[in-house]
Amino acid sequence: MAYNRCIGTRYCANNCPVKVRRFNYFNYNAEVGVGYGVEAFPSAIEKANRKLQALVLNPEVTVRGRGVMEKCTYCVQRVEKAKIHARKEGRKIEDGDVITACQAACSTNAIDFGNISDEESVVAKKHADTRAYGMLEQLNIKPRTMYLARVRNPHPRLKTTQQIEDLATIEAHHGHGGHGEGDGHDEHAADAHGEAAHNDSAHSDEHHGEEQHAE
Amino acid sequence: MSLAIPNGLDNTVERPGERAPLVLGNTNYHDITESVCQVAERKPSAGWVGGFLVAFALLQMLGLLIVYLIYTGVGVWGNRAPIFWGWPIVNFVFWVGIGHAGTLISAILYLFRQEWRTSINRAAEAMTIFAVACAGTFPGIHVGRAWLAFWLAPYPSLNLWMWPQFRSPLLWDVFAVSTYGTVSLLFWYMGMVPDLATFRDRSKNKYRRMIYGLLCLGWSGSSRHWMRYEKAYAILAALAAPLVLSVHTIVSFDFAVSQVPGWHTTIFPPYFVAGAIFSGFAMVLTLMIPARSMLNLEKLITIRHLENMCKIILATGSLVGLAYGTEFFIAWYGQVPAEQFAFINRAFGPYWWAYWTMVSCNVISPQLFWFKKCRTTPWIIVVVCIFVNIGMWFERFVITITSLSRDYLPSAWAYFSPTWVDWGMLIGSFGLFFTLFLLFCRTLPVINMAEVKSSLAKQHHMAHAAAEHGEAEH
Amino acid sequence: MSDTNSEKIVHGMMAEFTTVDTLLSACRRIRDAGYTKTDAYTPFPVHGIDKALGIKPTILPWICFFAGLTGTCIALTMEIWMNGVDYKYIISGKPFISLPAFIPVAFELTILLASFGAFFGMWALNGLPRFSNPMFTDPRFDRATDDRFFLYIDAKDERYDAAGVRSLLTDTGSDYVSEVLEDNTPKEIPRPIFVIWGVAVAASVIPLLCVLLMRVTNSSQPRFHIFMDMDFSPAKDAQQVTSLFADNRAMRPDVPGTVARGQLIGSLDVMTGIDVDSLQAMNAPQAQRLVAAFMQDDQAAIADEVTDVAKAEDDKETPSVMDTTPWVTENPMTVDSELMARGQQQFGIYCSVCHGMDGKGNGLVNQRAQEKGFDTWVPPSNMHQDTLYSDKYPDGKLFSTISNGIRKMPGYAGQIKVEDRWAIVAYVRALQKSQNATMDLIPEGRKEEVKSAVDAAQKELQRQADEAAKAAAAREQK
Amino acid sequence: MIMERFLFPRWTNPFLLVLGAAIGGGGLFAAAMGGLLTDPVTLNIGYQPTQPVPFSHAIHAGQLKLDCRYCHNTVFDASHAAVPPTATCINCHSPKNEAGQTSLAAVQADSLNLKPIHESWKSGKSMQWIRIHNLPEFVYFNHSAHVNSGVSCVSCHGRIDQMEKVYQHEELSMAWCIGCHQNPNEHLRPKEFVTKLDWEPSDDFWKEHYDVANQEEFALKVREEESINPQRHCAVCHR
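Chains as they are written, first to last, in numbering that gives the first Met the number 0: chain A, 0 to 214; chain B, 0 to 473; chain C, 0 to 477; chain D, 0 to 238.
See below:
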């Protein structure tokens, strides 16, 4: 999101199939003085209510004004910082360079973040996992965020015939097109990234066997 | 010089080998001038003054609400995730639809040589302009930062050096609606120039004469001018005809190009255009029927005109009904679960009331026009047309809001409820429309005198020729 | 009719008709009579009159066609250039030059420009707007837009002759034939209009001059923000002020008693240049004070603990703390060419300003201070004295001097990173060595190279000295 | 009576031409003025505020050849090129005490101009320097990313070392940033000369050190080697 370029038609939000976008309908920073009238002068910011300021707004991202769309940016400030850091050191982004805020906060380490165009990275490997699936993939929206399906009935000898067949189809499918996502991002090679999360909610084939969390 | 048409003749009856007259009464050219000019020249009636005051008050309310909106933020509307487009867009599409009839009557009926258009085209065109003005208001104020809406224009900014995104249907929409507004305005104005010259030449007052003189650009009625004028008019009609079809097509792209279930359908362009013509004609009739009696124009806008328009309403209304059916068929036939759900949800989901209001107003009520009695009785026409207007507003409501409120993920479903600002702006937009329309009635020629005279001349010529023919036979 | 009328210019002759048919037959008659500069004025377009008068078809359709074509070209060029060439941006995987997506705008602009062509072209070809027209002089002509039809023969016509035309027109059945005369309204454009225009043009120069002045001069006023959205952020950036903290600084110092992650370089020994374990054994209270000061991030206290210079100078009997402290004697960094380069660079930035690039204590700041003769200035030390060599002045002590200053030299701990200070130490050692180095110290392979470089440098120095001497001699002579 | 009928005077016909020309000319003039007025050269360049202390970059950076990093020491490491704390000034300008002594070797210890610095040093309150090169806060310019790629200070700040009183020398508009991101070649130089504002390579410099013919070739080579490909998507500068 380039917040400063957004004029707020909200068309993107309508079209977002997963409805993750939110809109700044009002000026939620009025308290700290960033308004659209006389209050907008910087000197008044200091005089204004300090409540929000005490929450320590992140200086590395734009504090959104009124009338702009809002979206998770995959912590672009951290991504850019890591990219610049890696550039100074003359190397490529590696696993662990970018820790997104959600990843840092996740108490069960369920989130991985990294460079999906680097086949050796953890996320790329998890994207290639047979358990990996994207939300609403059938719409051809090519999500970069992937989830991992539950692990069920791990012992081969306990698998039902149905499960073995299913697994065979899934594996065949991944063998063909599983690595496609990274290819379109040459220009953004360094920031191509993705997530892989262990998902503990039900996937499509609810009726197959036991469920087990992959911790 | 009068024509031998008895006063009060029923011109809705077709006699073989003979054209029914389009102008009634003992009419000559001067009578036409008189009956049209009296509308603007006499003192305003109490009804006009009252109507204008009400409309103007509503316009003020719209203005104040816009100020409030821009000062506070677009959250004053009922738009909430996931319904990011609410009433403003419903109103926009509704008004754009209304704005189709005028240019359609002027352009397409002109190209098809439908003489009966001459009495109604001016007012219908004016209505088009005013409806487009109402429509243009909404997307302008709908964006979150209205003061930056000029970023949509492809102007060279020395500061940013950024260009708009031509692959987005929203930008097509900007171009379509602004082009449509501009061309309609040119078309309307150009058609009015000879009549403005008539107004000039009848002016008793120096300033009136000066103002109309300026507006009519020194029109003298020279045959050379008329020839180029007619050519230009024909060309503009030929250009406006595809334009009028394209506008609602492109507006429908805003929806059809997206991937919201219920929006993403290829039927939208023709369906929107049919709906637009339908609602536009309904609005023209809603206005014309009271206006013709209040402004004493019954001889010029005859029952035959009304009947013809009713036939078009019947046709387009049935087309719209067909489109509703087709949507359901395609949803079933396409076998996309999300799409199927969207349509079942429309008819039987939480907005069932809106859907069935739409269907009954748009598809069922115009079926009355199969009966000649209904299409020739003005009050029945008005009632049906008001229902059609309501129905067409609900059509846009159903498309925009039911589709958005329930799309792919049930975790992101919601129910829309409008705020008082939504209501105020809908009503205020009618204030804008009627203020402009009432001003138009008082200051500009409401009927295209030159064209009516021209068709009268043709009638006369034909009558003359028939008489001569008859004489020769005897 | 007054006398003035006879002097008026006669434009032509017009005749009034009441029906289309009489007009048309009159038109045919005058056409057949050979008149070409003729025209008819009617309240509505009369069909067949172009033939009756012999009017040629218009070129308007061509104007429209080319205007429309221009519209298409402008739209496509604009879209292709803007989205496909000048600023490429990936939008949902669509190609940069996406013709289907470009069609709607191209279509709309085609229609728009073609309509402009038809509209403006028509007025231009008609010579309109034209407000003053001799035809309007006659009040009877007002009915030309109502229900009367006028035929007009221009006086410029070759066959025009007033009496003949009048009789011809009367002959066609017109009951009103009249000469079209110039009206007597003023012909000259009123002077005030030009005055107003002139004033407007003159006034428009003022904004132009203002803008040009803005372009060439500096201003103490910051840039004007037209739309302030998000230009000023309530989030605090580095080095901004805030009312939230007593010291008004938005940047916060480290929490006392902690070392931020990633900020501990090596060990305390590396950070201070002191062998802290030995110090603990020798002078436990001092060691504790030092560590405490370090943990509090109290630069002044650290400096006090490390370099109690005043005490050392006043009390010559007790040995200075500087001498008794167990300094780190070996540079803890890996000394390699990279570190040396780093040291040289950092020395160049921070040290050379006073100590000079060669470390002899005569940097540009010193030179200027000496020149101006400030009594508060103390010349920096020459690093090439044996008391500063590593045997008497251990690396740790040099590090500590850089960090905390000594005597009148300020400490640079705040400006130079720990690793860089050690790099400077390494470089200073090399610099010291270089001054008294002999050829024996140079590896065999590079002796030649160094020798020639030294020779060249000496020659250059000699040349500079000679030049300086010459210049001095010249000055003296003057 | 008849003569009272209003007729447009005859001068209106020629006047229309004059009016047309005036409207056309006026429109062109207005458009040109609009463009000129909103041109960043008009709006942005030349901001020269008066600082609390008349610090002369011409003396310090020009004559005394202090490296930029002596004061702005974070520029190679951080996004922000630090404005020096009072302590950095005190390195050379420590105040006199009652006895007329300075705690450090000092120049201009009595100067009135330095009074605010000395007061700040005593009170511990920061100097209120006025920021000149101030981008809107939704722009995230990173100094270290640029200087480490070999973009000199002079590219954005001009010849600060010649400025008695610093002013904004470049547009610092988005179009200007994009211009360089589109074609950065002419702004690249070897990293060791980034802070040398007056650096002019000698004729054989490129041949001798980099084995290329000229700066253009050097730029291409270094871009290839260090993959310096400035990007133009929004998230590079906006977050």
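Positions of the beta carbon are idealized from the N, C-alpha and C atoms, including for glycine.
DSSP bridge partner residues for residue i (one or two, in chain order)
i: glutamate 15 of chain C; result: C:Phe149 and C:Tyr175
i: leucine 187 of chain D; result: D:Val150
i: glutamate 69 of chain A; result: A:Arg21
i: tyrosine 166 of chain D; result: Per DSSP, none; premise fails for tyrosine 166 of chain D.
i: lysine 95 of chain D; result: D:Thr101
i: tyrosine 46 of chain D; result: C:Ser218
i: valine 40 of chain D; result: DSSP lists no partner for valine 40 of chain D.
i: methionine 408 of chain C; result: C:Ile405
i: leucine 180 of chain C; result: C:Val9
Start-to-end residues for the beta strand (DSSP E) that takes in residue i
i: glycine 133 of chain A; result: 131 to 133
i: tyrosine 40 of chain C; result: 37 to 40
i: isoleucine 110 of chain A; result: 110 to 114
i: methionine 145 of chain A; result: 144 to 147
Bounding residues of the alpha helix (DSSP H) (the contiguous stretch that carries residue i)
i: asparagine 90 of chain B; result: 86 to 97
i: leucine 430 of chain C; result: 417 to 434
i: serine 124 of chain A; result: Looking at the sequence provided, one finds lysine at residue 124 of chain A rather than serine. It spans 121 to 127 - the alpha helix (DSSP H) in which lysine 124 of chain A sits, taken as one unbroken run.
i: leucine 460 of chain C; result: 446 to 476
i: histidine 92 of chain D; result: 85 to 92
i: glycine 347 of chain C; result: Counting along the chain, glycine 347 of chain C falls outside any alpha helix (DSSP H), and DSSP gives it neither H nor E.
i: cysteine 133 of chain B; result: 120 to 141
i: valine 138 of chain D; result: Element bounds for valine 138 of chain D: n/a, residue is neither H nor E.
i: glutamate 329 of chain C; result: Counting along the chain, glutamate 329 of chain C falls outside any alpha helix (DSSP H), and DSSP gives it neither H nor E.
i: valine 66 of chain B; result: 45 to 71
Sub-7 Å separation of residue i and residue j beta-carbons
i: asparagine 112 of chain D; j: valine 193 of chain D; result: no
i: glutamine 345 of chain C; j: aspartate 394 of chain C; result: no
i: asparagine 132 of chain C; j: serine 222 of chain B; result: no
i: isoleucine 31 of chain B; j: methionine 287 of chain B; result: no
i: lysine 373 of chain B; j: leucine 367 of chain B; result: Here residue 373 of chain B is cysteine; the residue named in the question, lysine, does not match the sequence. It is a contact, given that the beta carbons lie within the stated cut-off.
i: leucine 62 of chain B; j: valine 131 of chain B; result: Per the sequence shown, residue 62 of chain B should be read as glycine rather than leucine. The answer is no: Cβ separation not under 7 Å.
i: valine 179 of chain C; j: threonine 169 of chain C; result: no
i: glutamate 163 of chain D; j: alanine 30 of chain D; result: no
i: phenylalanine 373 of chain C; j: valine 153 of chain D; result: no
i: aspartate 268 of chain C; j: valine 327 of chain C; result: yes
i: asparagine 23 of chain A; j: valine 67 of chain A; result: yes
Problem set entry | Contact set between the segment 163 to 174 of chain D and chain C, restricted to residues whose Cβ is under 7 Å from the partner | Listed in sequence order: Tyr166.
For this session: Determine which residues of the segment 226 to 253 of chain C have a Cβ less than 9 Å from any Cβ of chain A, and write them out in chain order.
Result: Residues of the segment 226 to 253 of chain C with a C-beta less than 9 Å from any C-beta of chain A: Phe226, Met227, Asp228, Met229, Asp230, Phe231, Ser232, Pro233, Ala234, Lys235, Asp236, Ala237, Gln239, Val240, Thr241, Ser242, Leu243 and Ala249, listed in chain order.
For this session: Using a Cβ-Cβ cut-off of less than 9 Å, list which residues of the segment 129 to 159 of chain B approach chain D; keep chain order.
Result: Of all residues in the segment 129 to 159 of chain B, only Pro155, Ser156, Leu157, Asn158 and Leu159 place a beta-carbon less than 9 Å from a beta-carbon of chain D.
Exercise. Is it true that the segment 297 to 306 of chain B meets the segment 405 to 418 of chain B, where meeting means three or more beta-carbon pairs spaced less than 8 Å apart?
Worked result: Counting C-beta pairs with one atom in each stretch, the segment 297 to 306 of chain B and the segment 405 to 418 of chain B have fewer than three that are closer than 8 Å, which means they do not touch.
Problem set entry | the segment 9 to 38 of chain D: positions lying closer than 8 Å to chain B by Cβ | Under the 8 Å Cβ criterion, the segment 9 to 38 of chain D contributes Gly34, Thr37 and Asp38.
For this session: Identify each residue in the segment 341 to 352 of chain C for which the Cβ-Cβ distance to at least one residue of chain D is less than 7 Å, and report them in chain order.
Result: Answer in chain order: Gly347, Ile348, Tyr349 and Val352.
Exercise. Which residues, in chain order, does the segment 230 to 246 of chain B contribute to contact with chain C at a C-beta distance below 8 Å?
Worked result: Within the segment 230 to 246 of chain B, the residues whose Cβ lies closer than 8 Å to some Cβ of chain C are Lys230, Ala231, Ile234, Leu235, Leu238, Ala239, Pro241, Leu242 and Ser245, listed in chain order.
Exercise. Which residues, in order along the segment 78 to 96 of chain D, keep a beta-carbon less than 9 Å from a beta-carbon of chain C?
Worked result: Residues of the segment 78 to 96 of chain D with a Cβ closer than 9 Å to any Cβ of chain C, in chain order: Ser78, His79, Ala81, Val82, Pro83, Pro84, Ala86, Thr87, Ile89, Asn90, Cys91, Ser93 and Lys95.
For this session: For the segment 69 to 89 of chain B and the segment 426 to 445 of chain B, state whether three or more C-beta atom pairs, one from each stretch, are separated by less than 8 Å.
Result: At 8 Å Cβ cutoff, the stretches do not touch.
For this session: Spell out a yes or no on whether the segment 86 to 102 of chain B and the segment 394 to 401 of chain B are touching, meaning 3 or more CB-CB pairs, one atom from each, closer than 8 Å.
Result: Contact between the segment 86 to 102 of chain B and the segment 394 to 401 of chain B is present, because at least three Cβ pairs lie under 8 Å.
Exercise. Going along the segment 96 to 109 of chain B in order, which residues come within less than 8 Å of chain C, judged by CB to CB distance?
Worked result: Hits within the stretch: zero.
Exercise. At a cut of 8 Å, does the segment 419 to 428 of chain C reach the segment 335 to 355 of chain C through at least three beta carbon pairs?
Worked result: Contact holds: three or more Cβ-Cβ distances are below 8 Å.
For this session: Report yes or no: do the segment 181 to 192 of chain C and the segment 12 to 30 of chain C share at least 3 C-beta pairs separated by less than 8 Å?
Result: No: fewer than three Cβ pairs fall under 8 Å.
Exercise. In the segment 199 to 217 of chain B, which residues sit with their C-beta less than 7 Å from some C-beta in chain D, listed in chain order?
Worked result: For the segment 199 to 217 of chain B, which is checked against every Cβ of chain D, the residues closer than 7 Å are Lys205, Arg208, Met209 and Gly212.
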